[in-house]
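To start, the structure under review is shown below, and the notes come after it.
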Amino acid sequence: MSQQVEATAVRVARRNASERRSVAEFLAADAADGLAQVATVVPPEDAVAILDPPRQGLTVEARKALASWSPRRVIYVSCDCATQARDLKDLTDAGYTLKSATPFDLFPQTRHLEVVVTLERDLGPGI
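Written as structure tokens, this is what we have:
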């Protein structure tokens, strides 16, 4: 399931999925509403949330929705280390553990980096 705030992008994604006979689902919503809706259909123990928010990072509401849903793994892509650090503090406070952080220099000779972080939640014994 994919969530995107831009309705046009969702329409294009749905058309592409249909042409390829994909069973992917697409949701037009902001991050907080999208995460809340995904949480109603995807059990957290089966979930991997892949986040690529805008430069300002996740909203407070989105961070709360993500922590409430508690997917097993979170992959967070960011172009702003400061907002990613802020968001990661909230997610680690909510029970996630940082497993890896990989910087990508997609804009050589500039100060900009993309950083991909993987976080995991301990769901207890047997999961």
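Once you know that position 61 of the sequence shown is 57 in the numbering used here, the rest is easy, because the numbers rise by one and skip nothing. Every residue, glycine too, gets a C-beta built ideally from N, C-alpha and C.
Own chain, CB closer than 6 Å to residue i, minus 5 neighbours either side, in chain order
{"i": "I46", "result": "I71"}
{"i": "A90", "result": "A63"}
{"i": "Y92", "result": "L115 and R117"}
{"i": "I123", "result": "Reliability of the predicted coordinates at I123 is poor, the pLDDT of 41 falling under 50, and no value is obtained from them."}
Reduced DSSP secondary structure (H/G/I, E/B, other) of residue i
{"i": "L94", "result": "strand"}
{"i": "T114", "result": "strand"}
{"i": "P19", "result": "The sequence shown places Val at residue 19, not Pro. V19 falls in the coil class under three-state DSSP."}
{"i": "Q105", "result": "coil"}
{"i": "R10", "result": "helix"}
{"i": "A3", "result": "helix"}
{"i": "R69", "result": "strand"}
Under 9 Å between C-beta atoms of residue i and residue j
{"i": "A25", "j": "T55", "result": "no"}
{"i": "V111", "j": "C77", "result": "yes"}
{"i": "E116", "j": "K95", "result": "yes"}
{"i": "R51", "j": "C75", "result": "yes"}
Cβ neighbours of residue i in the same chain (closer than 7 Å, five flanking residues each side left out)
{"i": "S18", "result": "none"}
{"i": "P40", "result": "W65, S66, P67 and R68"}
{"i": "A20", "result": "S(-2) and A13"}
For residue j and residue i, believed in contact at Cβ under 8 Å, the rounded distance
{"i": "A61", "j": "L87", "result": "With 8 Å as the limit, A61 and L87 do not qualify as a contact, their Cβ atoms being about 12 Å apart."}
{"i": "G53", "j": "R10", "result": "About 27 Å separates the two Cβ atoms, so there is no contact after all."}
{"i": "V73", "j": "D48", "result": "4 Å"}
CB contact below 9 Å: residue i versus chain B
{"i": "S74", "result": "As a matter of chain content, chain B is missing from the structure shown, which is built from one protein chain."}
Runs of 3 residues minimum, wholly inside the region 23 to 63: which ones carry the beta strand (DSSP E) assignment? 44 to 47
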